[in-house]
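Asks: Line order of the protein sequences matches chains A and B. Read left to right, the first sequence gives residues 1 to 340 (the working numbering). Read left to right, the second sequence gives residues 1 to 340 (the working numbering).
Number of protein chains: 2
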Amino acid sequence: MSTNTDGASPQISPAGKVVALSGGIGGAKLALGLQRVLPSGALTVVANTGDDFEHLGLHVSPDIDTLVYTLSGRSNMVAGWGRADETWSFMQALEDLGGETWFKLGDRDLAMHVVRTMRLRQGDTLSAITADVCAGLNVGADIVPMSNQPVRTRLRTDGGWLDFQDYFVAQQARPVVREIAYAGAESARPADGLCELIAGDDIDAIVVCPSNPFISVEPILAVPGVRAAIESAAAPVVAVSPIIAGKAVKGPTAKMFEELGQEATAAAVLERYAGLIHVFIADPRDIPALEGVGSDVTLVAANVMMTTLEERERLARKVLAAAGRVVRNEGDLCSRLGSS
Amino acid sequence: MSTNTDGASPQISPAGKVVALSGGIGGAKLALGLQRVLPSGALTVVANTGDDFEHLGLHVSPDIDTLVYTLSGRSNMVAGWGRADETWSFMQALEDLGGETWFKLGDRDLAMHVVRTMRLRQGDTLSAITADVCAGLNVGADIVPMSNQPVRTRLRTDGGWLDFQDYFVAQQARPVVREIAYAGAESARPADGLCELIAGDDIDAIVVCPSNPFISVEPILAVPGVRAAIESAAAPVVAVSPIIAGKAVKGPTAKMFEELGQEATAAAVLERYAGLIHVFIADPRDIPALEGVGSDVTLVAANVMMTTLEERERLARKVLAAAGRVVRNEGDLCSRLGSS
Chain A
1 MSTNTDGASP
11 QISPAGKVVA
21 LSGGIGGAKL
31 ALGLQRVLPS
41 GALTVVANTG
51 DDFEHLGLHV
61 SPDIDTLVYT
71 LSGRSNMVAG
81 WGRADETWSF
91 MQALEDLGGE
101 TWFKLGDRDL
111 AMHVVRTMRL
121 RQGDTLSAIT
131 ADVCAGLNVG
141 ADIVPMSNQP
151 VRTRLRTDGG
161 WLDFQDYFVA
171 QQARPVVREI
181 AYAGAESARP
191 ADGLCELIAG
201 DDIDAIVVCP
211 SNPFISVEPI
221 LAVPGVRAAI
231 ESAAAPVVAV
241 SPIIAGKAVK
251 GPTAKMFEEL
261 GQEATAAAVL
271 ERYAGLIHVF
281 IADPRDIPAL
291 EGVGSDVTLV
301 AANVMMTTLE
311 ERERLARKVL
321 AAAGRVVRNE
331 GDLCSRLGSS
Chain B
1 MSTNTDGASP
11 QISPAGKVVA
21 LSGGIGGAKL
31 ALGLQRVLPS
41 GALTVVANTG
51 DDFEHLGLHV
61 SPDIDTLVYT
71 LSGRSNMVAG
81 WGRADETWSF
91 MQALEDLGGE
101 TWFKLGDRDL
111 AMHVVRTMRL
121 RQGDTLSAIT
131 ADVCAGLNVG
141 ADIVPMSNQP
151 VRTRLRTDGG
161 WLDFQDYFVA
171 QQARPVVREI
181 AYAGAESARP
191 ADGLCELIAG
201 DDIDAIVVCP
211 SNPFISVEPI
221 LAVPGVRAAI
231 ESAAAPVVAV
241 SPIIAGKAVK
251 GPTAKMFEEL
261 GQEATAAAVL
271 ERYAGLIHVF
281 IADPRDIPAL
291 EGVGSDVTLV
301 AANVMMTTLE
311 ERERLARKVL
321 AAAGRVVRNE
331 GDLCSRLGSS
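(1) Using a C-beta to C-beta distance shorter than 7 Å, which residues of chain E count as neighbours of G98 of chain B?
(2) Taking its Cβ as the centre, do 16 or more other Cβ atoms sit within 10 Å of L320 of chain B, making it buried, or is it exposed?
(3) Could you give the C-beta distance for A49 of chain A and M146 of chain A, rounded to a whole number, given that I count them as a contact under 8 Å?
(4) Taking I220 of chain B as the reference, which of B:L315, B:Q122, B:P150 and B:E258 has the closest Cα?
(5) How would you call W81 of chain A, buried or exposed, if buried means at least 16 neighbouring beta carbons within 10 angstroms?
(6) So, do the stretch 202-218 of chain A and the stretch 236-248 of chain A have three or more beta carbon pairs nearer to each other than 8 Å?
(7) In the stretch 92-121 of chain A, which residues sit with their C-beta less than 8 Å from some C-beta in chain B, listed in chain order?
(8) Out of curiosity, what's the CA-to-CA distance linking Q11 of chain A and D204 of chain A?
(9) For the stretch 47-80 of chain A, list every residue whose C-beta sits within 8 Å of some C-beta in chain B, in sequence order.
(10) T130 of chain A by DSSP, collapsed to three states: which one?
(11) Using a Cβ-Cβ cutoff of 8 Å, what residues of the stretch 124-152 of chain A are near chain B? List them in chain order.
(12) If you draw a straight line from the C-alpha of L38 of chain B to the C-alpha of G23 of chain B, how long is it?
(13) In chain order, which beta strand (DSSP E) runs of at least 3 residues are fully inside the stretch 218-287 of chain A?
(14) Taking its Cβ as the centre, do 16 or more other Cβ atoms sit within 10 Å of R336 of chain A, making it buried, or is it exposed?
(15) Can you pull the chain A residues whose beta carbon is under 7 Å from the beta carbon of T87 of chain B, in chain order?
(16) Since G349 of chain A is in the beta strand (DSSP E), which residue starts that stretch and which ends it?
(17) For G294 of chain A, which residues of its own chain have a beta-carbon under 6 Å away from its beta-carbon, when the five flanking residues on both sides are left out?
(18) Can you check which of these residues, A:V297, A:D283 and A:S72, is closest to T130 of chain A by C-alpha distance?
(19) So, for D107 of chain A: in the same chain, excluding its five sequence neighbours on each side, which residues have a beta-carbon less than 6 Å away from its beta-carbon?
(20) Within 10 Å of its beta-carbon, does G27 of chain A have 16 or more other beta-carbons around it, so buried, or fewer, so exposed?
(21) Excluding the five sequence neighbours on either side, which residues of its own chain have a C-beta within less than 8 Å of the C-beta of L30 of chain A, listed in chain order?
(22) Spell out the partners DSSP gives F53 of chain A in its beta bridges.
(23) How long is the line joining the alpha carbons of K255 of chain A and R174 of chain A, rounded to whole angstroms?
(24) On the three-state DSSP scale, how would you describe D204 of chain A?
(25) Under a three-way DSSP split, which group does K318 of chain A fall into?
(26) Are the beta-carbon atoms of V144 of chain A and L194 of chain A separated by less than 8 Å?
(27) Given R285 of chain A, which residues of its chain have a CB within under 7 Å of its CB, disregarding the five upstream and five downstream residues?
(28) Along the chain, where does the beta strand (DSSP E) containing I215 of chain A start, and where does it finish?
(29) Entirely within the stretch 17-99 of chain B and at least 3 residues each: give me those beta strand (DSSP E) ranges in chain order.
(30) I need the boundaries of the beta strand (DSSP E) containing E179 of chain B, first residue and last residue.
(31) Looking at the structure shown, is S147 of chain A part of a helix, part of a strand, or coil, going by DSSP?
(32) Measure the CB-CB distance between V279 of chain A and V297 of chain A and report whether it falls below 8 Å.
(33) Rounded C-beta distance between V176 of chain A and T153 of chain A? I'm assuming under 8 Å.
(34) In this structure, what does DSSP give as the bridge partners for R152 of chain A?
(35) Can you check whether the C-beta of G338 of chain B is within less than 8 Å of a C-beta belonging to chain A?
As structure tokens, then:
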């Protein structure tokens, strides 16, 4: 293990491409940073679809949508979810009609769900629809769903098995989680070309965004072939901790770790990614406790909070710089720290 | 034929019920008048569903919706269609996504289409869904779709056969119409209980609202059993002319009459309804030309324009009064004009 606590980021201009695995809000922040510092077209974001669900007859893909809105400059930076300049007439009228209002669908956001649902019913794939949406909204990255088959994150709680949105939104992540499953994962296939992309020679870095491991990253890894593609990839794998000084930046990550019998620490995150990643980037306060946790993992200290746009870009540059200092050779990791 | 040009309306309090056949905007005006002057629960409006279509994967029922919005006080009185206080964020976002924007779906209006589509896919009937919507929005009448099976008004134009909304909205009723068909009508069934309701002893009047005969009233009559139920009904049938002094109040009615080789006159409307109705209410200017057109039809002169709410109520009272002066006996019409 080696540690780089040098705050200075060398200027990185990858010749090739970068693949990032991301859930919603936290992951999208780093994805935006990566998009902004990489050449146009260099970034592919693999989106978790384990949170997808059918609601009011519409196919909702929350993580894809958060990524699309964030990467196209349409996200609501204040609320942290949904679209900027959103209006809520539909929800009011839905309430008048006695419809289900526990999941908030903004008027602008609805257009995405309506178009996606229509095209899925016509037989188009989620990949193709998402690619068209990205092109139409001038997203500067390719957003690729992990699979075109349904994989649904489900949580066993003290009150029984719950669908993800029931747990997360309707019950506001209050139930105690005992077990997590990715229903349908066994028979799902990675989106066309995804594994080939990940394992391709022209990929400079594979980035695991600071998303919740259990409900954002591991559903992606549960799609048969994805983990193996990452393990066999030529590119170094860099993960960013979603936990800072024992607290999740957002959402129920910390609570979920504890309920599943683990400490809510960056070290616990690193342990989950052991064997998969080569670089782990965490808050400087978390670095001492990480020493010795993951053998062969390079630790990098950085501000992973990403409150401002500048912080997102700075972290993205740090991720790319760390990847640029690592060379993988036939399964062995050769650290080139300090060699550049 | 007898003519009543007496403008004074006796106070009518029907003991029983009233059934009105209606298309969208023009018909809904009279339906609102009827709802306001009748006791609560006395009015059933049979809605044309020939204009229904699937758009963006959503089932849109324009005439049902116009009736629901009008009878629940939610209609846009200025635009003449859609909901009051409507917002258009969805359409803007849809345009950004490159979606079809030729048919305007307001944000509030969308709630209706989403709920209806979801429930139809779940196996509920359009009747049941519409009944729940009416109850939820405090509509003071029963709105009943003419059929729960699809009947689709299609128009043969110089450019070929067109679906109704393609003709009416996308092409703004510009193509010359040569023929009209109600696809699916032969195999459609009237909504459950509709014919029994129409023919019931407790019905005091059957009202043909001032809607376009070709595209609003005749699709209803084309559903097998509906015309026969009206013909065999105990209640008198009162129609209101949608044409005033040679001009349609709204929409392409006059143009359509001419293209189909008929004069755009109240007399042409009366001819189409001959054999079905007992009372025809038209603008005083049109009455002279109506004398002798329909044998056994009582002519009533009235302001059928209905610009104000008061005019709608006044016309509704006139419709009910005219019905109250007619007694049908085994197919023969006995005019009781002046007997009350």
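Don't be surprised by glycine CBs; every beta carbon is placed ideally from N, CA and C.
Replies: Working from what's here:
(1) Protein chains A and B are contained in the structure displayed, whereas chain E is not.
(2) Counting the other CB atoms within 10 Å of its CB gives L320 of chain B a total of 16 or more, which places it among the buried residues.
(3) The sequence given here places Thr at residue 49 of chain A; Ala does not occur at that position. Yes, they are in contact, since the Cβ atoms of T49 of chain A and M146 of chain A sit about 6 Å apart, within 8 Å.
(4) B:P150
(5) buried
(6) yes
(7) Flagged, chain order: Q92, A93, L94, D96, L97, G98, G99, G106, D107, R108, D109, L110, A111, M112, V114, V115, T117, M118 and R121.
(8) Here the model assigns Q11 of chain A a pLDDT of 46, short of 50, so the residue's position is not dependable, and the following value carries that caveat. In a straight line, the C-alpha of Q11 of chain A is about 15 Å away from that of D204 of chain A.
(9) L56, G57 and L58
(10) helix
(11) D132, V133, G136 and L137
(12) 20 Å
(13) Runs found: 237-240 and 279-282.
(14) Because the pLDDT of R336 of chain A is 33, which lies under 50, any placement of that residue in the model is unreliable, and the number read from its coordinates should be weighed accordingly. Around the beta carbon of R336 of chain A, fewer than 16 other beta carbons sit within 10 angstroms, so the residue counts as exposed.
(15) Around T87 of chain B, the beta-carbon contacts reaching into chain A at under 7 Å are T87, S89 and D107.
(16) Nothing about residue 349 of chain A can be reported from this structure: the residues present for chain A run from 1 to 340 only.
(17) L270 and A274
(18) For T130 of chain A, the nearest C-alpha among the options comes from A:S72.
(19) Excluding residues within five positions, the ones whose Cβ falls inside 6 Å are T87, S89 and F90.
(20) buried
(21) Contacts found: A20, S22, V207, C209, P210, V240, M306, R312, L315, A316 and V319.
(22) A:V60
(23) 9 Å
(24) strand
(25) Judged by DSSP in its simplified three-state form, K318 of chain A adopts helix.
(26) yes
(27) A245
(28) From DSSP, I215 of chain A is part of no beta strand (DSSP E); its letter is neither H nor E.
(29) 17-22, 43-47, 53-55 and 58-60
(30) V177 to A183
(31) strand
(32) For the 8 Å CB-CB criterion, V279 of chain A and V297 of chain A form a contact.
(33) V176 of chain A to T153 of chain A, Cβ: 16 Å. No contact.
(34) A:A183
(35) With a pLDDT of only 31 at G338 of chain B, under the threshold of 50, the placement of this residue in the model should not be trusted, and no figure is reported.
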